[in-house]
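What follows is a set of notes on a single structure, which appears directly below.
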Ligand SMILES: Nc1ncnc2c1ncn2[C@@H]1O[C@H](COP(=O)(O)OP(=O)(O)OP(=O)(O)O)[C@@H](O)[C@H]1O
Ligand SMILES: Nc1nc2c(ncn2[C@@H]2O[C@H](COP(=O)(O)O)[C@@H](O)[C@H]2O)c(=O)[nH]1
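Numbering (full-length UniProt numbering), first residue to last: 1 to 208.
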C-alpha cells in the first residue's frame with residue numbers, strides 16, 4: 001500500500017449533549033464522502049429507538065471486561081457509571097481501505113487515542129453557551145434530572161481539556177458545524193499529501 005492511501009482517523013469529542021451525534025449524521029449526508037462510522041460498544045441500556053449494532057453494540061459488563069482483558073479496544077472509559085469503548089479491529093481495517101473513520105467519544109477516551117495514534121485528527125465540539133448545553137440535554141430528554149446534572153458536572157472538567165485537541169468547533173447551527181469539520185478533514189488531507197510528496201521527492205533525490 002502507498003503511504004497516502006491510508007485513511008484518516010477523525011476523533012469527534014466534547015461534552016455530553018453538545019451535538020456530536022447530530023453533527024456526525026449531518027456529516028454523513030455530504031455527497032460523495034468517504035466516511036465510515038465506528039460503532040462503539042457500551043454497557044448502558046439502549047434508549048428508545050436505538051438499534052444494537054447501529055447506534056452501539058450493547059453488551060453486559062462481563063462481556064465488556066472480557067474484551068478489555070483481550071486488548072480488544074483502541075480506547076475505553078467509564079462515563080457516568082457505564083463503560084464505553086472503541087473496538088480495535090474495525091478501525092484498522094477501514095483505514096487500510098482508505099476510508100476516513102469517524103469516532104465519536106468522550107474526553108478520557110480521546111486522550112487515550114491521542115497517546116496511541118497521535119496522527120489522528122482531534123476535534124473538540126463546544127456549545128455556543130453553557131446554558132445551551134443544559135437546554136440541549138433537557139430537550140433531548142433521554143436522562144433523568146440527576147443524570148443530566150452528572151453529565152453537566154463532567155462537562156465542566158472536560159472544557160478544561162479542550163486545549164489538548166487540534167481543533168475546537170462551535171456547534172451553533174448543525175450544518176455549519178458539519179461544514180467546518182468537513183473543511184478540517186480536507187485541509188488535513190492536503191497537509192498529509194504535501195508531506196508525503198516531500199518524502200517521496202527526498203527518496204528520489206537520495207536514489208539519484
Ligand atoms: N446546533 C444545535 N442547535 C440546537 N440543538 C442541537 C444542535 N445540535 C444538536 N442539538 C440537539 O441537542 C441534543 C443533543 O445532541 P446529541 O445527542 O447529538 O449530542 P451528543 O454530543 O452526541 O450527546 P452524548 O455525548 O450525550 O451522546 C439533541 O436533542 C439534538 O437534537
Ligand atoms: N471513550 C468513549 N466514549 C464514548 C464511546 N462511545 C460513546 N462515547 C461517549 O460517551 C458519552 C455518553 O454517551 P451516551 O450515548 O450515553 O450519551 C458521550 O460523550 C459519547 O460521545 C466510546 O467508544 N468511547
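Backbone N, C-alpha and C define an ideal beta-carbon position, used for all residues, glycine too. Because the structure is a prediction, the values reported are computed rather than measured.
Exposure label - residue i; buried when at least 16 CB within 10 Å
i, result
"residue 2", "Summary for residue 2: the model assigns pLDDT 49, below 50, so the residue's position carries little reliability, and this model does not support an answer."
"residue 200", "exposed"
"residue 137", "buried"
"residue 20", "buried"
"residue 79", "buried"
"residue 198", "exposed"
"residue 10", "buried"
"residue 149", "exposed"
"residue 26", "buried"
"residue 91", "buried"
"residue 100", "buried"
"residue 109", "buried"
"residue 187", "exposed"
"residue 54", "exposed"
Beta carbon of residue i nearer than 8 Å to that of residue j
i, j, result
"residue 166", "residue 122", "yes"
"residue 103", "residue 38", "yes"
"residue 128", "residue 172", "yes"
"residue 13", "residue 84", "no"
"residue 116", "residue 161", "no"
"residue 86", "residue 68", "no"
"residue 65", "residue 56", "no"
"residue 144", "residue 151", "no"
"residue 61", "residue 43", "yes"
"residue 98", "residue 88", "no"
Ligand 2 heavy atom lying under 7 Å from the CB of residue i
i, result
"residue 212", "Residue numbering for the chain in the displayed model covers 1 to 208; residue 212 lies beyond these limits and cannot be assessed."
"residue 40", "yes"
"residue 177", "no"
"residue 109", "yes"
"residue 104", "yes"
"residue 62", "no"
"residue 57", "no"
"residue 44", "yes"
"residue 163", "no"
"residue 156", "no"
"residue 77", "yes"
From the options, residue whose alpha carbon lies closest to that of residue i
i, options, result
"residue 59", "201, 158 and 46", "46"
"residue 8", "81, 190, 164 and 205", "190"
"residue 158", "133, 68, 40 and 188", "133"
"residue 23", "125, 99, 56 and 91", "125"
"residue 130", "75, 33 and 155", "155"
"residue 35", "187, 182 and 206", "182"
"residue 5", "96, 32, 62 and 146", "96"
"residue 164", "111, 30, 100 and 70", "111"
"residue 18", "186, 140, 61 and 63", "140"
"residue 120", "43, 184, 70 and 176", "184"
Closer than 7 Å: residue i CB and nearest ligand 4 heavy atom
i, result
"residue 64", "In the structure shown, ligand 4 is absent; the only ligands present are ligand 1 and ligand 2."
Quiz item: Whose CB is closer than 5 Å to a heavy atom of ligand 1? List the residues in chain order.
Solution: 16, 17, 18, 19, 20, 21, 22, 136, 140, 171 and 174
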